[in-house]
Structure formats: structure tokens, C-alpha cells
Amino acid sequence: MCGIVGYIGENDSKEILLKGLEKLEYRGYDSAGIAVRNGSGITVFKEKGRIADLRAIVEEDVFGTTGIGHTRWATHGKPNRVNAHPHQNGNERFTLVHNGVIENYHHIQRDYLADVPMESDTDTEIIVQLIGKFVEEGMTTEEAFSKTLGLLKGSYAIALLDAEEEETIFVAKNKSPLLVGLGEGFNVVASDAMAMLQVTDKFLELMDKEIVIVRKEGVEILTLEGESINRQPFTAEIDMSDIEKGTYPHYMLKEIDEQPAVMRKIIQAYQDENDKLVIQPEILDALQEADRIHIIAAGTSYHAGLIGKEYLEKMAGIPVEVHVSSEFGYNMPLLSEKPLFIFISQSGETADSRQVLVKIKELGHTSLTITNVAGSTLSREADHTLLLYAGPEIAVASTKAYTAQLAVLSILAAVTAEARGIDLGFNLVQELGIVANAIQAQIDAKEEMEQIASEFLSTTRNCFFIGRVMDYFVGLEGALKLKEISYIQAEGFAGGELKHGTIALIEEGTPVIALATQEAVNLNIRGNVKEVAARGANPCIISMEGLQEAGDSLVLPKVHELLSPLVAVVPLQLISYFAALHRDCDVDKPRNLAKSVTVE
Ligand code: AGP
0 MCGIVGYIGE NDSKEILLKG LEKLEYRGYD SAGIAVRNGS GITVFKEKGR IADLRAIVEE
60 DVFGTTGIGH TRWATHGKPN RVNAHPHQNG NERFTLVHNG VIENYHHIQR DYLADVPMES
120 DTDTEIIVQL IGKFVEEGMT TEEAFSKTLG LLKGSYAIAL LDAEEEETIF VAKNKSPLLV
180 GLGEGFNVVA SDAMAMLQVT DKFLELMDKE IVIVRKEGVE ILTLEGESIN RQPFTAEIDM
240 SDIEKGTYPH YMLKEIDEQP AVMRKIIQAY QDENDKLVIQ PEILDALQEA DRIHIIAAGT
300 SYHAGLIGKE YLEKMAGIPV EVHVSSEFGY NMPLLSEKPL FIFISQSGET ADSRQVLVKI
360 KELGHTSLTI TNVAGSTLSR EADHTLLLYA GPEIAVASTK AYTAQLAVLS ILAAVTAEAR
420 GIDLGFNLVQ ELGIVANAIQ AQIDAKEEME QIASEFLSTT RNCFFIGRVM DYFVGLEGAL
480 KLKEISYIQA EGFAGGELKH GTIALIEEGT PVIALATQEA VNLNIRGNVK EVAARGANPC
540 IISMEGLQEA GDSLVLPKVH ELLSPLVAVV PLQLISYFAA LHRDCDVDKP RNLAKSVTVE
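Numbering that gives the first Met the number 0 puts the first residue of the sequence shown at 0, with every later residue one more than the last.
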């Protein structure tokens, strides 16, 4: 949440900062700003809205070779120009951008800044005001920065400019991600390597509670006590074409279309030279030793976790619980002797999940992160990592990461089953290949999904998704997709549960999207459809070859029943996409959301 960039070098920083912010817009997009060191002082431009709105007010003739920038997802204070970053202290010597939440900002204001007028409603402003105050009291900027960081509680990634120290950007982080990028005669700062791939692919990872002094000739990493730290850079292995939309109108559509290729990439990545599925032996040991698995995740990743439970229990025979991460840390169930914690997170940065990881590490439990982002916080801090190999996912609505999560979870379950001597009775590699083709068939039939979206969703205010067994979990994901990008109120239910209350909401014409891909409950879900249809609902049935009946709206190609969620979710992604388009919604950047939720 929120994106930060910084540049210090010999070229004009404005365009580099703006381009960087455009790449970080997925992290928040309610307001944005840049500050440029401009000869005599620091010029700040900020605006409510998107980076395009900011770009429109940035004056061409302001030239500065040092600058910082920010794109915001509001936590404290409305998304308006005043609350947009950068923020400055009273005499405007210091200018700062911040990503994160300062939990004790009220206390700091009361104890240190009672006499300092605040301009904004943000938690951020106290940081820059406090640094200014400490410097007025006689500290150097570095001392003031370090002392201030020592007082902050919460999460932060910070970049600071001092109008009197021309050649420096002061940087620090705690819990929120931040990288320094290295160049020839320049250096950069970014929340995500993607933002600065335009100028470098060499990055330094920053650790919590370090002070980093970024100059154009070099970067110095210090402990809070001032001791120097030596760290080797890494090369970001992201292809620029992976993060461009190309000819697609939206990232979401591009990412939906990439799913068959992602399936094939995952199969390859998890096969050895004999085409056998493998995972690292240490991970296999951790699964073998566990008496219970706890899957911890949020949003779409939580929905993937619900299916992951089915895989690990049905294929590998290990009991699994799935938890919403924002709840688990504060309401932990009784834990067994030897639990294993699996964190599922596309971004690897979700703060709700990280707070659980921190707590279970304190308890001495083993952890595995399944993520799309190598080197992300959840990956670095867990004992083990499995990667999704889905390529960067830019659209806020998660699509290819979800199907990648399901594929990797199925591989994890299958390899564990084999290690436990369980015969699955099918070849997962072959079955995932069939899944890739079935997904492609859905992608090739986009007009049908567009037709369904316009027939069932063009005027409705609400929509229900129903299913049983695994279809219920896919329905939850379908509902999340539809509501987050089209703003249609959508909920997923277990088909049999409707009659216990929710059926009261069914009115003449209420769309009910029913999934029927599970043989054992095919008659049951069809019975549930009849119940809602009898009360006026407009049912749209998505079934699977072999289970179809006359009148079904869509029949999916046959795949192994355990893997049907990977295919059944694709029409739901596409239907949501077209429903959002019909309503003129901003598909890639839905209101009030951000891609990477780095605040609790
Ligand atoms: C879904 O489309 C959302 N992007 C959201 O629910 C997301 O899955 C959730 O915020 C968790 O993110 P993560 O996978 O990066 O941890």
C-alpha cells in the first residue's frame, strides 16, 4: 500500500519519478506527489487522483537531479491534496514520503510536537515534523533521522530529503518493503523493483531498522547505532515486457489470458530432469513431520487456501485448517504439537499475514510461504518458499496468481502423497496439461462470457454464486472478483445453506450463478438451483462435460474433478471482467483497493 520512489543522479529526476510512480500505481492510487531538489530549495507537486493527474500539474521548467515521489492509498486522512505525500516540516527544510502506518503517532504528537501546527490529517506528518524539531534542537539530520526512527511504532518505508544536504536521500524501512537500485552515476529508491527497471536491474535489499544514505556516487547502509553494513546487490529477473500491457486494453485481461502459459511454466519449474514432480526435500520433511497444517492467507489467496486444504487432505492425508490472516493472529486456535504454517500470498507483502508469521515464529513453529514474488517479506522471513512462477500480476484483481496457487498446492500435495506412499491413481502432470488446455478453451470463448455478463449482470444490483464442495470455494472467489471490480454486491454460498436464511433475498430476476462440476453433489446443486428459480431467480449454470443438463449456460471441458476449480474460475474471472466493462468501471484499479495490502 502506497508506493515510494527516489532518484539521485545527474539527469532531471521528474520523468524518472513519474514513470516509476506509474509502475507503482497498483499499490495505491488516490493521490500522488513528487518533490524535486531544485537549485535553491525543494519544489513539491501533489494532487488528488492518479499519476496522470499529478503529471498534469508538474511544471516542465522545474529541473532537479534529486527527487522523491509517492502514490497513496489513504489510511489516515481523506485522499485529498493536503494529505497527499510528500509532507514537509514547518520551515520546509525536510520533505518526506512514507508507506506504512505509524501506530503511536498520537503519542508522538502529544509528547514531542504539542506546539507544532500540523497541516495534514496523516500519521506521516509527525515523522517529518519530529526530524525538523530534533534538528532545530541541534542534532545533525542523520542523528535526528535515527532518533525519530527509534521512536516510531508501526510500519514504514521512508525517503527523506534535506534542503541543506543537497546530495543525499535518507532512507529507512520497518515491515514495509523498500529497495535501493544501483546505477552508474545515479542511484534510486523504490518500493518494488518494477518501478525502476527503466533505469537499472541491480538492487540492494534493505532490512528493517537500518539507516540508508543514498548518494549519486554510492549507498551506505548503517545500523541504527551507526555501524556500517556490507551487502551484495542482486539482479531483478523481471522482463520489461512482463510488466507492460502490450496490446491489451487491461492488465486483468492479459493476466487471464496468460493462465495456460503459467500452468505450463509451473509444471516445468517443478519437474526434475526425469519429468518427475519434485519439491525441495526440506519442505517435504516439514510436511512429513507436521501433525496439522494451518494455511494462512487473505482474499483470493485465502480462497486458494480453501482448495489447498482439499488437496492436502484428500491427496496427502494431512489434516488442514484454513484461516483468514487478519483474524488468526488475534484469535489463535489451540495448536497441535507439531503444526506447519503455510502462508499463501501473491505479493508476499500482506501485512495481515506477516503479523501471523511473526507470532508463530516466536512460538518456534515451522513456516512455508507460497508466493509469486521471490525475495518478498513473507518469503524472506519464512523457513521455506515455493514460488508461483506466474510472472508479475499488476491488475488489482488477482487471476493468474490464484490458478497458479492452486497448481502449486496440487503439486505440493501430490509430491507429499508420493513420499507417504499414497497412490493418487492419476498422473498430475498429465492432468495439469489437460487443465491448461481447458483454460485455453475458456479464454478462446470470451464472447460467451461477455454474453453471460450482459444477459445476467448488466442491470442487477446483486448476484449470488452457489456451489457445493469445491465449487462452493470457487463461488467465493467468483463473488470476490465480481464485487471488487464491478461493484455489484456479490456473495458466494454453499448451495444447501441458502434455505437457512439467504434465500429471503432472492427476488424476481436475481442472478444466481451456480457451479456444477462435482459429480457427487450434481443432483444436490441442481436441486438448490430449482429452489431459487422457484422464487424468481435467474439461474446461470456452469457445469462440466459429463454432468451437463439441457439449459446450462456453459459447459466446461472435462478435467480431473479435483482440478476443476482451476478451470471453473476462468469463466467467472471473464464474466466479472465484462460486467465491470459494461459498467464503465476501472477494471485494473477498482475504487478503494490496492494490489499489495501492506497495512494491517
Ligand atoms: C483479490 O483479487 C485481491 N487482490 C485480494 O483479495 C488479495 O488476494 C489479498 O489482498 C491478498 O493478497 P496477497 O495474495 O498478495 O497476500
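Beta carbons are placed, not taken as given, at the ideal position from N, Cα and C, and that holds for glycine.
Owing to the predicted nature of the structure, the values given are computational and were not obtained by experimental measurement.
In this structure N371 is buried. Its beta-carbon is surrounded by 16 or more other beta-carbon atoms within 10 angstroms.
For E483, the shortest separation between its Cβ and any heavy atom of ligand 1 lies below 7 Å.
Each of A297, G298, T299, S300, S344, Q345, S346, T349, A396, S397, V596 has a C-beta closer than 5 Å to some heavy atom of ligand 1; these make up the full list, in chain order. Annotation: the continuous alpha helix (DSSP H) that includes M251 extends over 250–256. Residue range 155–161 is occupied by the beta strand (DSSP E) that includes D161, with no alpha helix (DSSP H) assigned at that position.
T597 sits close to A350, with the two beta carbons spaced by under 8 Å. Just so you know, the alpha carbons of G535 and Q439 end up roughly 34 Å apart. One thing to note: L205 has its Cβ within 8 Å of the Cβ of L177.
Sixteen is the threshold: since fewer than 16 other Cβ atoms of the shown chains lie within 10 Å of the Cβ of Y329, the residue is exposed. If you draw a 10 Å sphere on the C-beta of T398, you find 16 or more other C-beta atoms in it, and that means buried. The way I'd put it, the stretch 61–77 does touch the stretch 29–46; three or more beta-carbon pairs between them come closer than 8 Å. In its chain, beyond the 5 residues on either side, R291 have a beta carbon closer than 6 Å to the beta carbon of P318. Ranking N79, F133, V81 by CA distance to the CA of F93 puts F133 first. Leaving aside the five residues that flank Q258 on each side, the residues in its chain whose CB is nearer than 6 Å to its CB run, in chain order, K399, T402, I438.
Around the C-beta of S542, 16 or more other C-beta atoms lie within 10 Å, and the residue is accordingly described as buried. Contact between the stretch 458–476 and the stretch 505–523 is present: three or more C-beta pairs spanning the two stretches fall below 8 Å. Per DSSP, the continuous beta strand (DSSP E) segment holding V187 begins and ends at 186–189. Excluding five sequence positions before and after A381, the CB atoms of its chain that fall closer than 7 Å to its own CB belong to F342, L356, S366, L367, T368, given in chain order. In this chain, the alpha helix (DSSP H) harbouring M469 covers 469–485.
Boundaries of the alpha helix (DSSP H) harbouring Q429: 427–443, taken from the DSSP string. Around the beta-carbon of Y247, fewer than 16 other beta-carbon atoms lie within 10 Å, marking it exposed. The Cβ-Cβ distance between A296 and S352 falls below 8 Å. Across the structure, N186 and D11 are spaced so that their CA atoms are roughly 13 Å apart.
Between N82 and S30, the CB-CB gap stays under 8 Å.
Annotated three-state conformation of P589 is coil, per DSSP. Closest by C-alpha distance to I433, out of A406, E454, L456, T458, is A406. Under the criterion of beta carbons closer than 8 Å, I126 and T147 qualify as touching, at roughly 6 Å. Put simply, of T123, L362, H69 the residue whose alpha carbon is nearest the alpha carbon of G76 is T123. Taking the C-beta atoms as reference points, V100 is found no nearer than 8 Å to T70. Rounded to the nearest whole angstrom, the C-alpha separation of L386 and E309 is 20 Å. The beta carbon of G27 lies closer than 6 Å to those of M0, C1, T70, R71, W72, A593 in the same chain, with the five residues before and after it left out.
The alpha-carbon of I56 is positioned some 8 Å away from that of E46. Three or more beta-carbon pairs separated by less than 8 Å are not found between the stretch 413–428 and the stretch 231–247, which leaves the two stretches without contact. With respect to the 8 Å criterion, A289 and P338 are classified as neighbours on the basis of their beta carbons.
In terms of CA proximity to T458, P510 leads the group P510, V198, F472. As the crow flies, the alpha-carbon of E58 is around 39 Å from that of D110.
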